[in-house]
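Asker: Sharing a structure with you now.
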Amino acid sequence: MRYMMFVVHDPAAEPYTPELDNIGEWVADTSASGARITGDRLRPPAHAKTVRVRAGKALVSDGPFTEAKEWIAGFDLLDCASDDEAVAIAARHPMARFGSIELRPFWPIDVEEDPRARVARETGE
Numbered sequence: 131m132r133y134m135m136f137v138v139h140d141p142a143a144e145p146y147t148p149e150l151d152n153i154g155e156w157v158a159d160t161s162a163s164g165a166r167i168t169g170d171r172l173r174p175p176a177h178a179k180t181v182r183v184r185a186g187k188a189l190v191s192d193g194p195f196t197e198a199k200e201w202i203a204g205f206d207l208l209d210c211a212s213d214d215e216a217v218a219i220a221a222r223h224p225m226a227r228f229g230s231i232e233l234r235p236f237w238p239i240d241v242e243e244d245p246r247a248r249v250a251r252e253t254g255e
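Residues in the sequence shown are numbered consecutively from 131, following my numbering.
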């Protein structure tokens, strides 16, 4: 099963300690095992663009939509056998200590399926 792992900057977390930042080791280990497919850091929210389409017109604004203190600092795409394996991998990431990690399993979409049938199937209606 594939998981998107969001690496989150959280100012309420334990203070960053460079000596405990083992990101190179984490990347090497998870890549060698085949669990990590790809990943990277993301620039801070000040570099973001928020795009919305309203009344057929694209509206672009600088920065994130929300005024949260937490922000997505990076991501990794994982391929794991189970939720337990994904959680164990996430728990070893240094930002689990200095921020937080959000795991989301992929939810594949069949673009050929009728959207009404998909809604009925997923909601039980």
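Even for Gly, the Cβ is constructed at its ideal location relative to N, Cα and C.
Could you check how far apart the C-beta atoms of MET135 and ALA220 are, in whole angstroms? I think they sit under 8 Å.
Answerer: Going by Cβ atoms, the distance from MET135 to ALA220 rounds to 6 Å, so yes, they are a contact pair.
Asker: Report buried or exposed for ILE167, applying the criterion of at least 16 other Cβ atoms within 10 angstroms of its Cβ.
Answerer: With fewer than 16 Cβ atoms within 10 Å of its Cβ, ILE167 is classed as exposed.
Asker: For TRP156, which residues of its own chain have a beta-carbon under 8 Å away from its beta-carbon, when the five flanking residues on both sides are left out?
Answerer: The answer, listed in chain order, is ARG222, HIS223 and PRO224.
Asker: Taking 8 Å as the cut-off, does the stretch 205-221 touch the stretch 233-250 (at least 3 CB pairs, one atom from each stretch)?
Answerer: Segments in contact, yes.
Asker: How should ASP206 be labelled, buried or exposed, when 16 other C-beta atoms within 10 angstroms of its C-beta is the threshold for buried?
Answerer: The residue in question, ASP206, is buried, as its Cβ has 16 or more Cβ neighbours within 10 Å.
Asker: The alpha helix (DSSP H) spanning MET161 covers which residue range?
Answerer: Looking at the sequence provided, one finds Ser at residue 161 rather than Met. Looking at the DSSP string, the run of the alpha helix (DSSP H) that includes SER161 is 153-163.
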